[in-house]
Structures are given as C-alpha cells and as structure tokens.
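Engineer: The structure that follows is given in the form of structure tokens.
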Amino acid sequence: MNFRTFAAFVGPSVFMMLLFIAFPLVSVFQQSFYVTQPIYETVEKETCTPGFVTQTCVTEQVSQPKLDEHGEIITQTQYVGLQSYRNVLEPERAWRAISDGSWNVLSTINFWKALRFTLTFTLITLPLVVGCGLGIAILINNAARSIRGPVIFISLLPFIITPVIGVLSINWLFRGDGILTAMMEWWLNRDIALFAQAWTIEVLMMIYRVWHVAPFAAIIFYAGLQTVNQDSLESAVIDGATRWQRLKYIVIPHLMPLIIFVSMIHLMDSYRVFEEIVGFSSQGYVISLQWLTFDYLTPDQAGNRSISRASANSMLTMIGVVILLILPLRRTWRDHKGGH
Amino acid sequence: MKLKTILMAGAMSIAATGAWAECAFENDVPLKSLSAGFEAWKAVTDAMAECGNFSASLDQEFREKQPEAFAADPALYQIGGVSNATLVPLLNAGTIRPLDDLVEKYGQDLLPNQLIKVDGQTMAIAMMVNAQHLMYRDDVLAELGIEEPKTYGDVLSAAAKIKEAGVMDYPIGGTFKTGWNLGQEFINMYLGEGGLFFGDSNMPAINNEQGVAALETLKAMTDYMDPEYLVSDSTYVQQQFQQGKIAMANLWASRAAAMNDEAESQVVGKVTMAAAPMGSAVPATTIWWDGIVLASNMSDEEADAAFRVALEGMDTDMVSANNDVAVWLSTAYSAGALAAGAAASAEGGAKAYPASGPMGIMHTSLGNGLADYLTGAKDAQTTLADIEADYVTAAKEAGLISN
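Have a look at this one:
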C-alpha cells in the first residue's frame with residue numbers, strides 16, 4: 001500500500017482520536033493545575049419563603065458572585081500547582097494513618113478507600129475472567145457441532161446486556177427481599193441482608209463483572225483454540241498425555257498471547273469500574289476511582305462542582321492504569337523482540 | 001347494559017376533561033419549560049399545555065441543565081421549575097427575571113405567600129410546599145396502646161415496643177440512602193436541635209453538641225431499621241410502608257397519597273400523617289417549596305405569554321383536579337388528612353431549608369461523609385471534623401472561602 005492510500009485510510013481515525021481523546025486529555029491535564037472560581041461578594045439579602053399562612057422572611061449575609069456588565073459571572077482562573085492533587089490524595093492524613101499503622105483511618109479517606117477497592121476488584125476478577133473464559137471456550141470447543149451455535153449464543157448473552165441494566169437487575173434480584181435473597185433466606189432459614197455490609201456488596205460486584213466479561217474472553221480464546229496444532233495434540237495423545245497435561249503444555253502456551261491480550265483489556269476496563277457502584281448505589285460502603293471523578297463532577301443543588309479535583313483524580317486514575325499495564329506490556333515487548 | 005355504562009362513563013370523562021381542558025386564552029408564542037419530573041409537575045405542565053404552543057421537559061437531571069440553558073441568549077427554556085435549593089444557582093447567575101410587573105398585571109388570584117421575594121423583588125411563584133413529616137401505622141400503634149410519637153425519644157420507644165411485641169422486625173423506615181437523602185436526614189435533625197451550619201465567612205460550624213446529638217439520634221434509629229438502610233431512598237421507604245413492613249417513617253408529604261393508592265398499597269387508610277418529631281428546638285424537618293421562574297433572556301412579549309401560561313398551569317381547576325398530589329398553595333386546595341403532617345410541622349415552627357451556595361456543598365459533604373459514622377468506621381466527633389474538612393476543601397475550590 002502506498003503512503004497516500006495508507007494516509008487516506010488512517011487519517012480520519014487519527015483525526016478523531018486527536019479530537020476526542022488527545023485534546024480532551026491535554027485539557028484535563030491542564031485543568032488539574034488550575035482552579036477557576038467566581039469572585040464572591042458578601043451582601044445582606046432578605047429572602048421570603050412560603051409558610052402555610054404567612055411567609056417567613058429572613059435577612060442574612062449571603063455570598064453571591066459578582067456579575068459583569070453583560071450579566072455574566074466574573075470568574076478568575078488561578079494556577080495552583082499540585083494543590084488539587086493534594087486535595088484528592090490528602091497526603092498528610094494518609095501518612096499519619098500509615099505511620100500509626102491504622103488501616104481503618106486510611107480506608108476512610110476517599111481516594112485511598114477507592115484505590116483499595118479498585119485494586120482488589122481488578123486483581124481478583126482478572127484470574128477469574130481468564131479462567132472462566134478459558135473454561136467456556138473449551139466447553140464450546142468440545143460441544144457437538146450441531147449445538148455449538150446455540151451454546152455460543154447463550155454464553156455470549158451476558159456480554160450483550162448493557163452494563164447498567166445488568167447491574168440493576170442484580171441489584172433488584174438481591175436487594176431487600178429480592179427473589180434470590182428471599183430464596184436464600186428460605187433455604188438457609190435466616191435473615192440475610194446483602195446490602196448491609198461492604199464485603200457482600202463487593203462479592204456481588206465481582207460475580208457480576210466476571211459473569212459479564214467472561215464471554216468476551218471465551219470468544220477470543222475459542223478463536224485461538226481453532227488454531228491449535230492438531231498434530232501436536234495427536235502426538236501428545238499417543239505419548240499418553242492426559243487431558244490436563246495437553247491443556248497445560250500445548251493449549252495454554254499456544255493461547256498465551258491471547259491470554260495477555262484479554263488480561264490487558266480487562267485490567268484497563270476493570271480499573272475504571274463504575275457501573276457497579278452506581279447500579280448498586282453502594283457509595284456508603286464501596287467507592288471506586290472512576291466513581292470519585294464522577295462525584296466531583298456532579299453539581300450540587302447550588303450548582304457547585306469540583307472540576308479541578310475531578311481532573312486531578314482522573315489523571316491519577318490514568319496513571320494507575322499505566323502502572324498496571326507495564327507488566328503485561330513488558331512481557332509482550334520481550335516476546336516480540338525475542339521472536340525476531 | 002354494560003356497553004351503555006362504558007359509553008356513559010366515557011362521555012362523562014370527556015365532559016370532565018373538556019371542562020378542565022379550557023385555557024383562558026389562546027397562546028400563540030412558542031414556549032418551553034424545564035422542571036423536575038415528579039407527579040405534581042406533570043399535573044401542572046399538563047395544564048399549561050392546554051393553552052397550546054407549549055412543550056414541557058420533565059427531567060430528573062434538570063438541575064444540571066437549568067443553569068446553562070437559562071444562561072443561553074435567548075434562553076433555551078422560557079419557564080423553569082425550581083425548588084428553594086435549585087433557585088440558588090439561577091439567582092446567582094442573574095438569569096431569571098423579576099416578576100413584579102407581571103404579578104401586578106395578571107396575578108390577582110395568587111396568594112401572598114406564593115410570591116418568593118428576594119430583596120423585595122418577586123423572583124419566583126411557589127405552587128406547592130413539601131416537607132418530611134412523621135407517618136405512622138395507626139392500627140399498629142393503637143393495638144399496642146402507644147400514643148402518637150411527638151419526639152424522637154417517643155419514636156424510638158414505640159419502635160422498641162413494636163419490635164418486642166413481635167409485630168415487625170424493623171418498625172422504622174428512613175430515607176438514609178448515602179448522598180443527598182442521608183445529608184437531608186442530618187440537616188433535619190440538626191435544625192431540629194437548633195444548630196447553625198455556618199459561622200463567619202462561610203466557615204463550617206457543625207462540629208458541636210447539636211451535631212453529635214443529631215448523629216446519635218440517626219444512629220439510634222438505624223437499630224430499628226432494615227440493615228440495608230444505606231441504599232434506601234424515598235421510593236423504597238414508600239414501598240416498605242405500602243407492603244406493611246414498617247410502622248413509622250419521616251417521609252415526604254408528596255408521598256402521602258401513595259399510602260392510600262389501592263393499586264399498590266396494602267395499608268390503605270391505616271397510615272396517619274403527623275408532625276415531624278420534635279428536636280430540642282423545633283420539629284426535625286425542613287420546609288421546601290416548588291415553583292416557577294421565568295428566564296431573563298427573552299423578550300417581554302414572550303415573558304408575558306409565559307407568565308400567563310404558567311399561571312394557567314397552577315390555577316384552581318388544576319388544583320381541584322389533583323388535590324391529593326401535593327400540598328398546593330392555592331385557594332382551591334382543600335387540605336385533607338394527607339396534608340395534616342406537613343401543616344402540623346410548619347405550625348410547630350419547622351424551618352425552611354436554608355438553601356445557599358455554601359449549603360449546597362455542605363449537603364454533599366454530609367451526604368458522603370455520614371455513612372462512616374453509621375457503619376461504625378468513625379466516632380461522632382471525627383465524622384463531623386472530617387465532613388468540615390471536606391467542606392472546606394470544596395468551598396475553597398469553589399471560591400466561597402478565601403485561602
């Protein structure tokens with residue numbers, strides 16, 4: 001392919017990536033070092049609100065933003081350096097908690113609480129997703145040709161369901177006296193409240209995530225299984241290798257690049273865990289880094305939102321993803337270099 | 001015979017809607033409104049639509065859209081639905097217009113307490129008030145010989161008796177969902193104790209005896225609540241009531257009608273509306289209002305039409321047709337048993353929700369920070385100190401506290 005054709009094909013995609021990914025990223029990076037705020041003045045104001053018979057009026061000092069001659073709020077933007085990062089990380093408090101060795105205090109600071117859950121969630125679901133995915137793929141591969149289509153379809157279903165809807169349905173199945181909780185209560189003959197402590201919510205979230213993502217891993221692995229060298233498998237059978245030995249010494253090494261690919265995608269995805277928090281409304285017990293960004297961005301009733309802290313937090317989230325990806329990336333890079 | 005009845009009923013209902021569908025004038029200016037999406041707004045905007053050339057957006061996320069939509073020139077919506085809290089950003093940005101001349105021209109039927117005045121100027125027209133107040137199961141309490149609870153002490157001892165008698169496992173319901181709802185519960189309690197939220201220059205002032213007392217009452221209530229209280233919002237509490245699982249809750253007046261909804265409720269006629277339980281100072285609740293504002297970025301002709309349409313939306317016909325949907329501010333409203341709780345709370349001296357810019361931040365900080373106390377991760381003082389610290393960080397970022 002000559003360069004012009006190449007450029008014509010790739011150009012639009014590069015343009016879109018610059019416009020929708022690179023520029024916003026640069027802008028977020030920049031905003032995390034600045035704070036924009038209205039200039040407030042304190043004025044005395046009388047406000048009247050309806051009672052049932054008469055009105056109640058109060059006069060009080062209120063802060064109200066100054067307006068310019070066009071009626072726009074006057075704002076000022078200030079360089080604050082790493083202040084927003086400090087506000088998010090709360091290093092002094094965190095350090096005090098660590099040097100006191102009190103894990104409980106550390107886990108009540110938003111960022112660290114979120115990081116703790118995000119990491120646990122990511123690292124526990126990773127092997128489960130890969131394992132379940134491989135299991136499903138082998139199951140499909142061994143299914144009789146006649147039922148393979150329906151089996152693939154059914155095992156893909158969880159992946160097709162919109163995440164928020166999936167989370168909400170799990171929420172409704174288990175919350176309060178939801179069908180499944182009621183069934184477990186009847187079976188174990190005791191009262192169960194799954195949304196009353198953190199660990200049960202976390203387990204539900206992980207189960208949901210594995211259920212949701214395993215089909216994706218499965219379909220990738222299934223494709224990989226089609227290219228396993230049949231001769232090696234046959235000779236292994238002749239040599240008396242068991243099913244497990246064939247899997248361990250032939251199939252898994254063959255699938256390794258795909259396993260790394262799936263792991264990387266999963267690390268990136270699950271480090272940005274969000275739908276589970278919103279769908280389970282678990283903020284009281286469990287929060288994630290991505291949810292924290294969302295929370296900073298959500299305006300309160302008076303219209304205030306913390307753009308700078310949100311930017312800082314999302315930069316920190318991105319740095320976290322990069323650190324997590326270094327290990328598998330290094331491996332791929334080494335393999336790649338070794339291959340040539 | 002049957003067909004005839006159906007036809008008759010049909011004819012009657014057409015006649016009824018026909019009488020209701022009349023708008024005093026034909027509106028020829030295209031108008032749009034943006035408001036919250038609960039039942040009362042639906043009734044009001046439906047009535048507005050009868051004047052023609054009007055379309056309503058009922059949107060639960062209206063508070064995110066409204067400030068931007070009203071700042072546009074010309075404004076994207078002419079009519080806005082606000083509450084006392086969501087009025088603040090519009091007032092701050094100066095994107096809503098004073099209504100005094102329009103009130104003088106068309107507002108003869110308005111009650112004086114519908115006019116929301118800021119510095120002497122009418123900035124909004126209130127249509128309804130809302131408040132959380134005590135709802136309790138009359139039959140359950142009467143059977144155990146318990147008087148109507150007047151304070152939170154009464155509520156707790158009543159709950160203990162109900163639990164002891166084995167009538168219910170969790171007699172109390174509460175809108176304790178982490179976030180806005182939980183913040184609101186604390187604000188109710190704290191105001192009931194007579195607390196103030198801010199000291200000088202917007203500095204927080206909740207870490208005091210009243211704050212601790214409010215937290216302790218909240219915690220004491222959770223002993224009698226379904227352990228999943230941190231995910232329980234108004235709709236959930238309403239359903240718990242309807243299914244007969246709880247006997248008492250401090251719930252919104254706008255949910256009262258649902259208790260007697262025969263399609264959903266198993267406790268029709270058994271729930272009594274009473275004043276919010278007393279704190280040390282006043283009833284532990286806050287009074288809210290909902291009403292309409294008009295954008296400043298539109299022509300005076302448009303504003304004229306918008307005001308007339310808005311008034312048509314909250315006129316006496318609408319109120320009498322939807323009497324039980326809300327506690328309306330209107331001459332046509334007949335306050336029944338369902339409104340008794342809100343009225344009694346107001347008579348007891350309940351405060352209006354102290355809406356302001358700093359209060360918005362405080363509400364968020366409270367909503368996010370209180371769960372740590374209820375789950376036992378922190379003690380009361382640490383919780384309040386941490387909430388104050390969180391508030392200060394956010395208020396500094398917003399420019400409300402100077403560095």
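Heads up: the sequence lines are chains F and Y, in that order.
To convert, note that position 95 of the first sequence is 95 in the working numbering; the numbers rise steadily by one, no gaps.
To convert, note that position 21 of the second sequence is 21 in the working numbering; the numbers rise steadily by one, no gaps.
Glycine included, C-beta positions come from ideal geometry on N, C-alpha and C.
Specify the secondary structure class of Y:Tyr136 as computed by DSSP and reduced to three states.
Structural biologist: Looking up residue 136 of chain Y in the second sequence gives position 136. Y:Tyr136 falls in the strand class under three-state DSSP.
Engineer: Note down, in chain order, every chain F residue with its Cβ under 7 Å from the Cβ of Y:Asp300.
Structural biologist: Against the second sequence, residue 300 of chain Y aligns to sequence position 300. Result: empty, since nearest Cβ-Cβ is about 16 Å, beyond 7 Å.
Engineer: At what residues does the alpha helix (DSSP H) containing F:Ile215 begin and finish?
Structural biologist: By one-based count along the first sequence, residue 215 of chain F stands at place 215. Reading off the sequence shown, one finds Pro at residue 215 of chain F, where the question assumed Ile. Start and end: 198 to 225.
Engineer: Looking at C-alpha atoms only, which residue of Y:Leu251, Y:Gln243, Y:Trp252 is the closest neighbour of Y:Val268?
Structural biologist: By one-based count along the second sequence, residue 268 of chain Y stands at place 268. That would be Y:Gln243, whose Cα lies nearest to the Cα of Y:Val268.
Engineer: Looking at the C-beta of Y:Thr286, does it have a partner C-beta in chain F at a distance below 7 Å?
Structural biologist: Residue numbering aside, residue 286 of chain Y sits at position 286 when the second sequence is read from its first letter. Taking Cβ atoms only, chain F never reaches closer than 7 Å to Y:Thr286, which makes this a no.
Engineer: Expressed to the nearest angstrom, what Euclidean distance is found between the alpha-carbon atoms of Y:Glu193 and Y:Ala220?
Structural biologist: The residue given as residue 193 of chain Y occupies position 193 in the second sequence. The residue given as residue 220 of chain Y occupies position 220 in the second sequence. Rounded to the nearest angstrom, the two C-alpha atoms are 16 Å apart.
Engineer: Hey, Y:Tyr353 and Y:Ile287 are a contact pair by Cβ (cut 8 Å); roughly how many whole angstroms apart?
Structural biologist: As a working mapping, residue 353 of chain Y is identified with position 353 in the second sequence. As a working mapping, residue 287 of chain Y is identified with position 287 in the second sequence. 7 Å between Cβ atoms; contact.
Engineer: Kindly confirm or deny that the segment 33 to 45 of chain Y and the segment 59 to 68 of chain Y touch, where touching means at least three C-beta pairs closer than 8 Å.
Structural biologist: yes
Engineer: Hey, how far is the Cα of Y:Ala332 from the Cα of Y:Val319?
Structural biologist: Here residue 332 of chain Y refers to the residue found at position 332 when the second sequence is read from its first residue. Here residue 319 of chain Y refers to the residue found at position 319 when the second sequence is read from its first residue. Rounded to whole angstroms, Y:Ala332 to Y:Val319 spans 6 Å at the Cα level.
Engineer: Assuming Y:Asp290 is part of the beta strand (DSSP E), what are its boundary residues?
Structural biologist: Here residue 290 of chain Y is taken as the residue at index 290 of the second sequence, counted from 1. Where Y:Asp290 is concerned, the enclosing beta strand (DSSP E) stretches over 286 to 294.
Engineer: Taking C-alpha atoms, which residue in F:Leu325, F:Leu173, F:Tyr34, F:Val105 lies nearest to Y:Lys378?
Structural biologist: As a position in the second sequence, residue 378 of chain Y is number 378, starting the count at 1. Ranking the options by Cα distance to Y:Lys378, first place goes to F:Val105.
Engineer: Starting from the Cα of F:Ile265, find the closest Cα among F:Ala217, F:Arg305, F:Phe117 and give me that residue.
Structural biologist: As a position in the first sequence, residue 265 of chain F is number 265, starting the count at 1. When each option's Cα is compared against that of F:Ile265, the closest is F:Ala217.
Engineer: In the DSSP output, what is F:Glu60 paired with across the bridge?
Structural biologist: Locating residue 60 of chain F in the first sequence gives position 60, counting from the first residue. In DSSP, F:Glu60 forms a bridge with F:Lys45.
Engineer: Could you run through the segment 104 to 118 of chain Y and flag, in chain order, every residue whose CB is less than 9 Å away from some CB of chain F?
Structural biologist: Within the segment 104 to 118 of chain Y, the qualifying residues are Leu111, Pro112, Asn113, Gln114, Leu115, Ile116, Lys117, Val118.
Engineer: For F:Pro91, is the classification buried or exposed, using 16 other Cβ atoms within 10 angstroms of its Cβ as the cut-off for buried?
Structural biologist: The count along the first sequence starts at 1 and reaches residue 91 of chain F at position 91. So F:Pro91 ends up on the exposed side.
Engineer: Could you check the C-alpha separation between F:Asn313 and Y:Leu156 for me, to the nearest Å?
Structural biologist: Locating residue 313 of chain F in the first sequence gives position 313, where the first residue counts as 1. Locating residue 156 of chain Y in the second sequence gives position 156, where the first residue counts as 1. Their backbone Cα atoms lie some 42 Å apart in a straight line.
Engineer: State the start and end residues of the unbroken beta strand (DSSP E) segment that holds Y:Met273.
Structural biologist: Here residue 273 of chain Y refers to the residue found at position 273 of the second sequence. Start and end: 271 to 274.
Engineer: Give me the subset of the segment 317 to 333 of chain F whose CB atoms are less than 9 Å from a CB atom of chain Y, sorted by chain position.
Structural biologist: none
Engineer: Whose C-alpha, out of F:Ala310, F:Ala236, F:Ala143, is nearest the C-alpha of F:Tyr222?
Structural biologist: As a working mapping, residue 222 of chain F is identified with position 222 in the first sequence. Of the candidates F:Ala310, F:Ala236, F:Ala143, the one whose C-alpha sits nearest the C-alpha of F:Tyr222 is F:Ala143.
Engineer: Residues of the segment 116 to 145 of chain Y in Cβ contact with chain F at a cutoff of 8 Å, in chain order, please.
Structural biologist: So the list reads Ile116, Lys117, Val118, Asp119, Gly120, Ala126, Val129, given in the order they occur along the chain.
Engineer: Going residue by residue through the segment 192 to 256 of chain Y, where are the continuous alpha helix (DSSP H) segments of at least 4 residues, counting only ones entirely within it?
Structural biologist: 209 to 222, 234 to 242
Engineer: Could you check what DSSP says for F:Met183 in three-state terms: helix, strand or coil?
Structural biologist: Mapped onto the first sequence, residue 183 of chain F falls at position 183. Helix, per DSSP.
Engineer: In this structure, does DSSP put Y:Phe54 in helix, strand or coil?
Structural biologist: If you number the second sequence from 1, residue 54 of chain Y lands on position 54. Note: Y:Phe54 maps to strand in three-state DSSP.
Engineer: Determine the chain Y residues that contact F:Asn189 at a beta-carbon separation under 7 Å, and present them in chain order.
Structural biologist: As a working mapping, residue 189 of chain F is identified with position 189 in the first sequence. Within 7 Å Cβ-Cβ: nothing; F:Asn189 doesn't reach chain Y, min ~15 Å.
Engineer: Measuring only between beta-carbons, confirm whether F:Glu46 sits less than 7 Å from chain Y.
Structural biologist: Here residue 46 of chain F corresponds to residue number 46 of the first sequence, with the count starting at 1. With 7 Å as the cut-off, F:Glu46 counts as an interface residue toward chain Y.
Engineer: For F:Pro65, which residues does DSSP report across the bridge?
Structural biologist: What you label residue 65 of chain F is simply residue 65 of the first sequence in a count that begins at 1. Bridge partners of F:Pro65: F:Tyr40.
Engineer: Return the residue from the list Y:Phe54, Y:Lys396, Y:Gln239 that minimises the CA-CA distance to Y:Gly80.
Structural biologist: Position 80 of the second sequence holds residue 80 of chain Y. Per the Cα distances, Y:Phe54.
Engineer: Please list the segments of the beta strand (DSSP E) lying wholly inside the segment 114 to 161 of chain F, counting only runs of 3 or more residues, in order along the chain.
Structural biologist: none
Engineer: Got a sec: does the ligand ATP put a non-hydrogen atom nearer than 6 Å to the Cβ of F:Ala182?
Structural biologist: Absence of the ligand ATP from the depicted structure is noted, as is the absence of any ligand whatsoever, leaving it without description.
Engineer: Find the residues of chain F that neighbour Y:Leu329, judging by a C-beta separation of less than 7 Å, and give them in chain order.
Structural biologist: If you number the second sequence from 1, residue 329 of chain Y lands on position 329. Here the neighbours are Pro50.
Engineer: Can you give me, in chain order, the residues of the segment 96 to 124 of chain F that have a beta carbon less than 9 Å from any beta carbon in chain Y?
Structural biologist: The residues in question are Asn104, Val105, Ser107, Thr108, Ile109, Asn110.
Engineer: With a floor of 3 residues, list each beta strand (DSSP E) that falls wholly inside the segment 56 to 126 of chain Y, ordered by position along the chain.
Structural biologist: The segment 56 to 126 of chain Y contains these whole beta strand (DSSP E) runs: 79 to 83, 115 to 118.
Engineer: Check whether the Cβ atoms of Y:Ser374 and Y:Thr222 lie closer than 7 Å to each other.
Structural biologist: Here residue 374 of chain Y refers to the residue found at position 374 of the second sequence. Here residue 222 of chain Y refers to the residue found at position 222 of the second sequence. In the sequence under discussion, the amino acid at residue 374 of chain Y is Leu, which differs from the Ser named in the question. Yes, these two residues count as a Cβ contact at 7 Å.
Engineer: Give me the chain F residues within the contact set of Y:Gln216, using Cβ-Cβ distance strictly less than 8 Å, ordered along the chain.
Structural biologist: Position 216 of the second sequence, counted from the start, is the residue given in the question as residue 216 of chain Y. For the record, residue 216 of chain Y in the displayed sequence is Glu; it is not Gln. Going along chain F, no residue has its Cβ under 8 Å from Y:Glu216, so there is no contact; the nearest lies around 18 Å.
Engineer: Taking the C-alpha atoms as reference points, what is the distance between F:Ser27 and F:Met318?
Structural biologist: Residue 27 of chain F sits at position 27 when you count from the first residue of the first sequence. Residue 318 of chain F sits at position 318 when you count from the first residue of the first sequence. Using only the alpha carbons, I get a separation of about 14 Å.
Engineer: Using the three-state DSSP reduction, which class does Y:Val155 fall into: helix, strand or coil?
Structural biologist: Taking the second sequence and counting its residues from 1, the one referred to as residue 155 of chain Y is at position 155. Helix at Y:Val155.
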